[in-house]
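Colleague:
Residue numbers (my numbering): 334 to 473.
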């Protein structure tokens with residue numbers, strides 16, 4: 334049973350641009366939201382448990398924790414993520430570029446084989462010419 338893929342609609346660049354801009358701004362929205370949640374957490378919970386720690390020290394602790402998590406992400410998680418994505422993308426059944434590359438490799442091997450045959454014929458031809466010249470020189 335063949336599953337039909339619906340045709341894509343040409344909408345221009347406006348819709349894609351708006352969605353891309355919103356996605357790129359999510360980082361800034363998340364940072365602001367995170368700061369507001371930190372302030373709320375500090376004033377509703379944290380300062381009652383640890384009353385001797387002022388808000389600015391709490392922010393430094395949270396920044397240090399964030400830095401440690403970013404370091405973990407950059408050194409361990411992100412390389413694994415990139416390797417996984419590359420492995421998933423490099424599959425013949427999913428990626429037409431990989432199929433094209435396989436065809437190019439096969440064509441290149443065929444060209445190399447034909448070139449090798451041509452070189453062998455040229456060497457044999459040169460050998461026959463050399464033998465013919467030697468015979469001619471011997472007669473003279």
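Idealized CB from N, CA, C, for every residue including glycine.
Alpha carbon to alpha carbon, how far is residue 427 from residue 413?
Modeller: Looking at the two C-alpha atoms, the distance is approximately 21 angstroms.
Colleague: What is the rounded straight-line gap between the Cα of residue 360 and the Cα of residue 408?
Modeller: 21 angstroms
Colleague: What separation, rounded to the nearest whole angstrom, lies between the Cα atoms of residue 372 and residue 398?
Modeller: 16 angstroms
Colleague: Put residue 385 into one of helix, strand or coil per three-state DSSP.
Modeller: coil
Colleague: Helix or strand or just coil, what does DSSP make of residue 423?
Modeller: coil
Colleague: Alpha carbon to alpha carbon, how far is residue 433 from residue 452? Give it in angstroms, no decimals.
Modeller: 28 angstroms
Colleague: Enumerate, from N- to C-terminal direction, the unbroken alpha helix (DSSP H) stretches of 4 or more residues contained entirely within the region 348 to 412.
Modeller: 388 to 405
Colleague: Tell me the rounded alpha-carbon separation between residue 388 and residue 395.
Modeller: 10 angstroms
Colleague: What would DSSP say about residue 428, mapped onto helix, strand or coil?
Modeller: coil
Colleague: Which whole-angstrom value describes the C-beta separation of residue 379 and residue 391, a residue pair presumed to lie in contact below a C-beta threshold of 8 angstroms?
Modeller: 6 angstroms
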